[in-house]
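In what follows, a structure is listed as structure tokens, so that the remarks can point back to it.
There are 2 protein chains.
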Amino acid sequence: MADQQKKFVESITPRDQDFTQWYTDVCIRANLIAYSNIKGFMVIKPNGYALWENIQKNLDDRFKATGVQNVYMPMLIPENLMKKEGELVNGFAPEVAWVTSGGTEPLTERLCVRPTSETLFSDFYSQDVHSYRDLPRLYNQWCSVVRWEKETRPFLRSREFLWQEGHTIHETAEEAEERTQQMLDVYADFLSEELAIPVIKGRKTDKEKFAGAEATYTVEALMHDGRALQSGTSHYFGDKFARAYDIKFTGRDNKMSYVYQTSWGMTTRVIGALIMVHGDDDGIVLPPHIAPTQVVIIPIQQRKEGVLDKAHEIAKALKDYRVKIDDTDRSPGFKFAEQEINGIPIRIEIGPKDLEVGKAVICRRDTREKIEVPIGELPVRVGEELERMQKEMLERAKEHLRTHTFEAHSREEFEEEFKDTNGFVKAMWCGDQACEDKIKEEYGVTSRCIPFEQENLSGTCVCCGRPAKKMVCWGRAY
Amino acid sequence: MADQQKKFVESITPRDQDFTQWYTDVCIRANLIAYSNIKGFMVIKPNGYALWENIQKNLDDRFKATGVQNVYMPMLIPENLMKKEGELVNGFAPEVAWVTSGGTEPLTERLCVRPTSETLFSDFYSQDVHSYRDLPRLYNQWCSVVRWEKETRPFLRSREFLWQEGHTIHETAEEAEERTQQMLDVYADFLSEELAIPVIKGRKTDKEKFAGAEATYTVEALMHDGRALQSGTSHYFGDKFARAYDIKFTGRDNKMSYVYQTSWGMTTRVIGALIMVHGDDDGIVLPPHIAPTQVVIIPIQQRKEGVLDKAHEIAKALKDYRVKIDDTDRSPGFKFAEQEINGIPIRIEIGPKDLEVGKAVICRRDTREKIEVPIGELPVRVGEELERMQKEMLERAKEHLRTHTFEAHSREEFEEEFKDTNGFVKAMWCGDQACEDKIKEEYGVTSRCIPFEQENLSGTCVCCGRPAKKMVCWGRAY
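Chains H and Z, in that order, give the protein sequences.
Under our numbering, residues -11 to 466 are what the first sequence spells out, in order.
Under our numbering, residues -11 to 466 are what the second sequence spells out, in order.
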């Protein structure tokens, strides 16, 4: 193994030795991010940003297919506007950044950098909507938000992150509730079909729901280490913000009514999920659907006659895929290691010996399987392998979710499950927040959601023994 | 004329009566923006944002074709980091917003919301670049920035705006200078080919250049009212920031050298240019290449049998274009007025009488020309008309630029030109900033640029009569 190549591989802490360190190593070594000199803020480097661009594009298309339109709201929110809805401001006050002067003058009213934009959308809608004919409004924006977190980690928790936030208003409660569910489904489908991440869909308990929401729905994913990651949320507000911000319209009955509202968001956090679900000791592994580069062609002995030409010919034949040729003057071993760290789904090796027999070697990032393929068949075979890899990555993630989801029928079982391992634990709950608090305090786990797919595991609450109302999915969360 | 339709049209101030008011009316009536409750900040509504998305997509493709990669830098900049390059901080200090507390705690060092990100890119590069092998770095980001402007106007000047900022570093001064010019050309081509806006390319005088730049290049466009709009700038920094931020690399000679740097930006301001170059008394006029909707199909007597079906059939046949059908229950007159206000390049009218003869009517937004076209020929004819409109819009804008560009050979001629009319005035200049200051003070016009295409209009400075060094292009600017 060449020195450079060794350095590459050895600089990543083995995943099962120290998952946290492995994660950080991988984020840095795959050139996804760099730490900035501003505490809690990161730089998203080209490899990381290209991934976000693909996520954006795919999600944005899915949103637009449901009638959503993009807009842009101001980045700063006056304190008074923020305060109109009590729960929201209480929820976010401890973690907003305040602008107190503009230019050389102090401001008469301080402005916070948006931590989320319900207030701005509500204020806008209150002026823009007059009649039921103006409804629904299905707006979304792509932007960055700031939340003053104490502990930060790349993608998972940082003081600034990129996201989309959808904010819709509707004529009826039913329509708004439907939209909340519809967007949750969009998230679940996106995660499963594009990122190969299976999720549990459910409703948050009152304790865990979004500040100001009547109901929060979530898609919860399980990382390789068995910890949970909330990967997207969709909120139903009823007419709460409409009342606080006076968003009224003349209804079909000619009377004034308040609108019903939703919001839903997904963030750069899902890049963290991608890494922690699929990555291995050699780096990240990108699902083909979302990989910025799907295929890298690595010429072997590239100075030998015909090798580079053939590499370019193959690249041309693979025009339906996102292909790069690595013709830098580094060793093939180095290039292999880099492809692995960066998680490029397929590499094609082509050297003088392959040329002689008219074949090339395909190597898949996830299985390391090497397949000899006649050069003329590459376009078809590459397409097949990319789809196969996408499918198998989802299957493996599903299997991991299945084998790391447990049931607890009693307090003892619950304790046992969380003692040595991590994973989702399903258990019955009486519905009392006191039990939820107690479990969090004693075992350091939180209720991830009340799954839509309910099961009747027993008749009593796993914590207090009183009659159970719901099955809750518990986990140790990022 | 139906009431609604009348209301629509009458709510726009005639362009030649009050250009400023016309501009504001059009921004509002075409649903591009709304004023927010935060002074100097605007809401970009779906029509405005869709335009920005198309601009982004097109520019981004052009950037990527030159090897540029996208990244994302933090939104906040610590005061100390900002201060490292003296000219930049002096230039921007009067107009930045300061964050002084995060969460419930005051910050030990205040952070400004980025007005531009040279400092962050420089700080990042200083840690990320080691060898000439790491060069060039061709990074760009799409984001929003804040500058605390006193007077604000939609798109043209607001306290927050959206833009892209490219920041590149290079091994040699020559390469960096080439990149500066290359990106200026990308802007000029984009403006001309997509937005149908011809520009004058040139270099800014020292007085007008970007704070901290060694040279600033600009593309200057002329609005319908004869005022100038700086539409994109590209800066060459030499090794100034490299020295301030210590961006060094080991060169081919094995010695440490400073990098050479550029930056270049284009903003939502170009949407203002689009409106002010092409708009008329009935609304905005969008060049087909950039229009979010290129064709709107308006059914006449849409309840009559076959009309709506035919409209959908036509939409399907026009799948290569961005097409919408307006099948709302408003009157055709109302729909026509809306198409005009929104500047949709082509509308197709299809009613029962057209069905009988197998024809439809194409109406172009710019010329109002109505053409009867056999339905089967629509795909070809629509394509031709869109391209013809794009071309003719550019030609008209070029003609306007030509007829509003004047030459002044003396102080008297200079004064005369700017007395009654607006436009570009070319005049010779001695190179002394005192003359530039004097002209600005006396006539309220600024040097827009020293055009690349120099002409020798006379031997003496139009202001002081001393020997002339350069021909400058002057104008009253937005």
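The beta-carbon is built from N, C-alpha and C at its ideal position, and this holds for glycine as well.
As the structure is a computational prediction, the values presented were derived from the model and not from experiment.
Sub-9 Å separation of residue i and residue j beta-carbons
| i | j | result |
| --- | --- | --- |
| Met416/Z | Ser446/Z | yes |
| Ile21/H | Gly36/H | yes |
| Ile438/Z | Gly190/Z | yes |
| Tyr120/H | Phe237/H | yes |
| Pro323/H | Ile286/H | Residue identity differs from the one stated: residue 323/H is Lys in this sequence, not Pro. In contact: Lys323/H and Ile286/H (Cβ atoms closer than 9 Å). |
| Arg145/Z | Glu153/Z | no |
| Val117/Z | Ile235/Z | yes |
| Gly267/Z | Gly371/Z | no |
| His155/Z | Phe80/Z | no |
| His397/Z | Val450/Z | yes |
| Gln472/H | Val59/H | In the structure as shown, chain H starts at -11 and stops at 466, and residue 472/H therefore has no counterpart that could be examined. |
| Gln421/H | Asp194/H | yes |
| Glu97/Z | Pro66/Z | yes |
| Leu374/H | Glu148/Z | no |
Sheet register partners of residue i (DSSP bridge)
| i | result |
| --- | --- |
| Gln218/H | Glu208/H |
| Ile43/Z | None; Ile43/Z has no bridge partner. |
| Asp13/Z | None; Asp13/Z has no bridge partner. |
| Ala164/Z | The partner list for Ala164/Z (beta bridge, DSSP) is empty, contrary to what the question assumes. |
| Met63/H | None; Met63/H has no bridge partner. |
| His155/Z | Tyr127/Z and Ser251/Z |
| Cys418/Z | Answer is none; Cys418/Z lacks a bridge partner. |
| Met438/Z | The question names Met, but residue 438/Z in the sequence shown is Ile. According to DSSP, Ile438/Z bridges with Arg191/Z. |
| Arg141/Z | Arg145/Z |
| His223/Z | Thr204/Z and Ser251/Z |
Of the listed residues the options, nearest to residue i (C-alpha basis)
| i | options | result |
| --- | --- | --- |
| Ser319/Z | Ile278/Z, Gln249/Z and Gly339/Z | Gly339/Z |
| Val77/H | Leu183/H, Asp13/H, Gly200/H and Phe149/H | Gly200/H |
| Gln442/Z | Gly453/Z, Ala53/Z and Met459/Z | Met459/Z |
| Arg135/H | Lys52/H, Gly28/H and Thr256/H | Gly28/H |
| Arg384/Z | Asp227/Z, Leu47/Z and Pro186/Z | Pro186/Z |
| Leu99/H | Gly214/H, Ala85/H, Glu326/H and Arg231/H | Ala85/H |
| Arg352/Z | Glu380/Z, Ile363/Z and Lys341/Z | Glu380/Z |
| Glu181/H | Leu274/H, Trp10/H and Lys228/H | Leu274/H |
| Tyr224/H | Ala209/H, Met211/H, Tyr248/H and His212/H | Tyr248/H |
| Leu343/H | Pro362/H, Arg376/H and Pro333/H | Pro362/H |
| Lys341/H | Tyr11/H, His388/H, Ile157/H and Val295/H | Val295/H |
| Thr316/H | Arg291/H, Arg399/H and Ile329/H | Arg291/H |
| Glu75/H | Arg102/H, Lys426/H and Ala232/H | Ala232/H |
Assigned exposure category for residue i - 16 Cβ within 10 Å defines buried
| i | result |
| --- | --- |
| Val368/Z | exposed |
| Phe440/H | exposed |
| Ala(-10)/Z | Reliability of the predicted coordinates at Ala(-10)/Z is poor, the pLDDT of 47 falling under 50, and the value obtained from them is presented with this limitation in mind. Counting Cβ neighbours within 10 Å, Ala(-10)/Z comes out exposed, since fewer than 16 surround it. |
| Met244/Z | exposed |
| Glu93/Z | exposed |
| Gly411/H | buried |
| Thr221/H | buried |
| Glu106/H | buried |
| Ala53/H | exposed |
| Asp325/Z | Rather than Asp, the amino acid found at residue 325/Z in this sequence is Ala. By the 10 Å Cβ count, Ala325/Z comes out buried. |
| Gly271/H | buried |
| Asp314/H | buried |
| Gln218/Z | buried |
| Ser(-1)/H | exposed |
| Arg464/H | buried |
| Pro276/H | buried |
| Arg82/H | The displayed chain sequence assigns Pro, not Arg, to residue 82/H. That one is exposed. |
| Cys327/Z | For the record, residue 327/Z in the displayed sequence is Gln; it is not Cys. Burial call: buried. |
| Gly253/H | buried |
| Lys479/H | Here chain H has residues from -11 to 466 only, and residue 479/H is not among them. |
| Trp462/Z | buried |
| Gly453/H | exposed |
Query - the region 171 to 179 of chain H contacting the region 264 to 282 of chain H, beta-carbon criterion three pairs below 8 Å - result: no
Query raised in the report: Hey, is the region 83 to 95 of chain Z in contact with the region -3 to 15 of chain H, meaning 3+ C-beta pairs nearer than 8 Å?
Result: no
Query raised in the report: Using 8 Å as the threshold, is the region 150 to 169 of chain Z in touch with the region 204 to 222 of chain Z, meaning 3 or more CB pairs across them?
Result: yes
Query - Segment contact, 8 Å Cβ cut-off, at least three pairs: the region 258 to 267 of chain H with the region 306 to 316 of chain H - result: no
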